[in-house]
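See below for the structure under consideration.
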Amino acid sequence: MIAIPVDIPGQASVVVVARGALENLAAILTTHGGSALPRRVLLCFDRNCTVHANQAARVLRAGGVTVTEFGLTATEDAKSASAVEAMWDAALAARLDRGDCFVALGGGLVGDLVGFAAATYLRGVRVVQIPTTLLAMVDAAIGGKTGINRTLPEGGLGKNLVGAFWQPSITIVDANTLRTLGKRELRAGLAECVKHGLIADLALFEDIRRDAEVLANNDESAIDRLLPRAISVKTAIVARDPLERGERAKLNLGHTFGHAIETIPTSTGRLLHGEAVAIGIVAAAAAAKSMQMLSADEEARIANTLENCGLPRMFTGATTANEVIRRMGFDKKNEGGKLRLILPRGLGACEIVENPPDSAVLAGLASIGIR
Ligand SMILES: NC(=O)c1ccc[n+]([C@@H]2O[C@H](COP(=O)([O-])OP(=O)(O)OC[C@H]3O[C@@H](n4cnc5c(N)ncnc54)[C@H](O)[C@@H]3O)[C@@H](O)[C@H]2O)c1
5 MIAIPVDIPG QASVVVVARG ALENLAAILT THGGSALPRR VLLCFDRNCT
55 VHANQAARVL RAGGVTVTEF GLTATEDAKS ASAVEAMWDA ALAARLDRGD
105 CFVALGGGLV GDLVGFAAAT YLRGVRVVQI PTTLLAMVDA AIGGKTGINR
155 TLPEGGLGKN LVGAFWQPSI TIVDANTLRT LGKRELRAGL AECVKHGLIA
205 DLALFEDIRR DAEVLANNDE SAIDRLLPRA ISVKTAIVAR DPLERGERAK
255 LNLGHTFGHA IETIPTSTGR LLHGEAVAIG IVAAAAAAKS MQMLSADEEA
305 RIANTLENCG LPRMFTGATT ANEVIRRMGF DKKNEGGKLR LILPRGLGAC
355 EIVENPPDSA VLAGLASIGI R
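Residue numbers for the sequence shown, in our numbering: 5 to 375.
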């Protein structure tokens with residue numbers, strides 16, 4: 005078992021990484037959860053993870069906890085205020101008080117939703133994150149960003165526009181839960197791992213580049229080597245900048261382009277979040293190259309690594325540069341009406357670029373097939 009601290013003053017948290025952790029859930033919560041086991045738990049879970057939720061519920065009940073189960077559908081349309089209201093009402097019906105706890109068991113979508121419900125219920129109760137996708141294990145379930153989507157004024161879904169920072173009391177990563185995850189969803193998580201390498205850890209990026217094919221096929225020892233390293237990039241940045249006043253924005257590499265295209269249908273249906281991030285990273289790399297922040301060779305290495313991880317590098321939907329730029333205008337990082345992009349500066353480092361030139365944005369969009 006590896007315990008990675010998240011040293012935020014006054015809101016310290018920990019990420020526990022262990023295969024089989026779910027079977028020891030009650031013991032892990034008692035040892036690492038920062039306080040005694042809660043009396044009552046609202047166990048909010050992704051319906052596609054019912055088998056893992058049943059295991060968690062059984063172990064908690066055996067530890068004397070009263071568990072109320074609440075199933076959720078993991079779609080971006082369901083990441084909504086009405087889902088949060090339903091959780092508040094379920095918590096009220098179960099008589100949860102401030103000493104009790106929400107548990108979020110699922111991918112990033114469920115984690116964001118349940119985190120927001122916990123942040124607002126009784127003005128905030130504890131939340132335990134149990135991520136079941138690679139993406140949530142290395143990213144979404146760490147650092148306390150919670151929230152829901154909203155419809156944009158002129159149409160389209162605006163991602164994560166309402167939410168709160170609410171640190172989990174503990175994040176429990178049991179990679180055995182990945183055994184039921186589809187290959188496509190697993191690969192989507194590799195996009196965030198590549199991102200972590202690119203922004204802060206060149207050796208991590210190079211190792212993913214080398215192991216891309218085995219990682220994309222859920223090789224368990226490769227995944228076990230990857231998890232603590234990719235998680236540590238996130239925990240270190242979050243500990244230094246929990247409220248995203250500066251450095252934490254770097255974790256959004258690929259996300260400004262990515263969020264703008266994520267909810268536009270493609271020729272093969274909707275993109276997963278990690279797929280949109282992969283395409284967004286390709287666009288960010290092209291924008292960086294056009295600003296002489298990246299060489300052509302480095303740009304190619306980034307795109308090839310993502311491709312070898314089984315991720316898309318082009319956007320295949322019907323849209324225009326103007327429409328995507330309109331959507332990018334709603335990005336949360338923007339200030340004073342000015343666009344902010346996170347762009348790689350070589351491999352293993354990146355910069356926040358205020359008001360990038362139109363030529364860089366257009367070069368980024370052209371590189372992913374949008375004109
Ligand atoms: N809070 C943050 O810091 C942060 C960071 C990155 C992404 N996010 C958010 O996370 C969401 C994406 O998360 P995700 O990639 O984990 O996707 P997801 O939660 O949408 O899950 C992807 C799919 O996998 C299924 N699934 C999840 N775990 C499974 C398992 N173990 N077995 C079988 N099926 C399983 C889900 O039902 C869903 O169909 C987006 O909404 C994104 O905005 C948040």
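For every residue, glycine included, the Cβ atom is placed at its ideal position computed from N, Cα and C.
This structure is a prediction, so every number in the text was calculated from the model and none was measured.
Under 9 Å between C-beta atoms of residue i and residue j
i	j	result
Gly373	Thr320	yes
Glu189	Thr137	yes
Leu117	Ala87	yes
Ile235	Val281	no
Ala61	Leu76	no
Arg63	Ala30	The identity of residue 63 in the sequence shown is Val, whereas the question assumes Arg. Yes.
Ala144	Lys187	no
Leu156	Arg317	no
Pro246	Glu302	no
Rounded C-alpha distance that separates residue i from residue j
i	j	result
Arg127	Gly350	43 Å
Ile283	Leu276	11 Å
Lys163	Asn153	5 Å
Leu139	Pro232	13 Å
Lys337	Leu343	8 Å
Asn222	Leu182	8 Å
Glu358	Arg23	42 Å
Gln15	Gln171	7 Å
Thr72	Val45	6 Å
Leu33	Phe74	20 Å
Leu298	Ser84	38 Å
Phe120	Leu161	18 Å
Ile227	Val129	32 Å
Ala78	Ala40	30 Å
Glu248	Glu311	30 Å
Phe180	Gly67	It should be noted that the sequence gives Asn, not Phe, for residue 180. Looking at the two C-alpha atoms, the distance is approximately 22 Å.
Phe106	Asp215	36 Å
Contact belief for residue i with residue j at Cβ below 8 Å, rounded distance in angstroms
i	j	result
Glu80	Thr323	About 17 Å separates the two Cβ atoms, so there is no contact after all.
Thr175	Val19	4 Å
Ile12	Ala204	Not confirmed; about 18 Å, so no contact.
Ala122	Val131	4 Å
Ala195	Ile265	With 8 Å as the limit, Ala195 and Ile265 do not qualify as a contact, their Cβ atoms being about 13 Å apart.
Leu109	Ile134	4 Å
Ile8	Thr239	5 Å
Phe261	Gly368	6 Å
Do the stretch 353–373 and the stretch 275–291 meet, that is, are 3 or more Cβ pairs less than 8 Å apart? Look at the beta carbons and you see the stretch 353–373 touching the stretch 275–291: at least three pairs across the two are nearer than 8 Å.
Kindly confirm or deny that the stretch 254–269 and the stretch 195–206 touch, where touching means at least three C-beta pairs closer than 8 Å. Yes, since at least three Cβ pairs between the stretch 254–269 and the stretch 195–206 fall closer than 8 Å, the two stretches touch.
Is it true that the stretch 48–55 meets the stretch 208–216, where meeting means three or more beta-carbon pairs spaced less than 8 Å apart? No, the stretch 48–55 does not touch the stretch 208–216.
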